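At the far end of the sequence shown sits residue 169, using numbering that gives the first Met the number 0, and the numbering has no gaps.
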Amino acid sequence: MGLEQRVTALEQRLAALEGSGRHGGGPALPIGADFWALDGLKAQLSDAGVPNGGVLFTGTVHLPTGEQYEWQYGRTTDDLVESDWADAAEAFAALGQPVRLRLLREVLGGRRTAAELTELDGVGTSGQIYHHLRQLTAAGWLHAAVRGRYEIPPTRVVPLLVALATTATS
């Protein structure tokens, strides 16, 4: 893409952001009116008499494996600010290693056994892989199912993708 095309694309994105009066992260989803989820959350919080707002994340996920997940979770701002953030450290720490993120992506994509995961390039020895799998399991990002198969618990699929989405730079 040439410089002129890149500048034009940037100008269009900036105009869209400035015109909306609101700033959301990443590309817009082609699913209707802008900020419909935010507007709905604000209405529900207002109806419930929650003065300081809240956070909502939700998703509907259809994986290449055929699995489907729909999930929603919300907390009030007061609840989040007053909670002990140290409780989240283990879950965040487990995600803070590139090989573990790769393993989660592969499990989400259908590679479910340690044997399948050890066949991947760049993930280490079988001992290292088992170490990473134990860390992810201890933090709740993985569940050891029957016959040495691993799976991401259904209640963690959307939160994992939300955590990844929060790191997006575009």
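Positions of the beta carbon are idealized from the N, C-alpha and C atoms, including for glycine.
Remember, it's a predicted structure, so these values are computed and weren't measured experimentally.
Same chain only: Cβ atoms within 7 Å of residue i, ignoring 5 sequence neighbours per side
i, result
"Leu180", "Residue coverage of the chain in this structure runs from 0 to 169, which leaves residue 180 outside it and unanswerable."
"Leu119", "Glu105"
Beta-carbon spacing of residue i, residue j below 8 Å
i, j, result
"Leu62", "Gly73", "no"
"Gly39", "Thr75", "no"
"Leu141", "Val98", "no"
"His130", "Leu102", "no"
"Thr57", "Gln43", "no"
"Leu64", "Gly109", "Looking at the sequence itself, residue 64 is Thr, so the reference to Leu does not match. Yes, the Cβ-Cβ distance between Thr64 and Gly109 is below 8 Å."
"Gly147", "Thr112", "yes"
Environment of residue i [buried if 16+ CB atoms lie within 10 Å]
i, result
"Arg104", "exposed"
"Arg155", "buried"
"Leu116", "buried"
"Arg133", "exposed"
"Leu159", "buried"
Counterpart residues of residue i in DSSP-defined beta bridges
i, result
"Thr75", "Gly53"
"Tyr68", "Val60"
"Tyr149", "Ala143"
"Thr112", "Arg148"
Neighbourhood of residue i by C-beta, 6 Å cutoff - its chain only, sequence neighbours within 5 removed
i, result
"Glu150", "His142 and Ala144"
"Ser125", "Thr117"
"Leu135", "Ala93, Arg99 and Leu141"
Of the residues the options, the one placed nearest residue i, counting alpha carbons only
i, options, result
"Asp78", "Phe91, Ala88 and Pro50", "Pro50"
"Val122", "Glu81, Gly147, Gln96 and Gly139", "Gln96"
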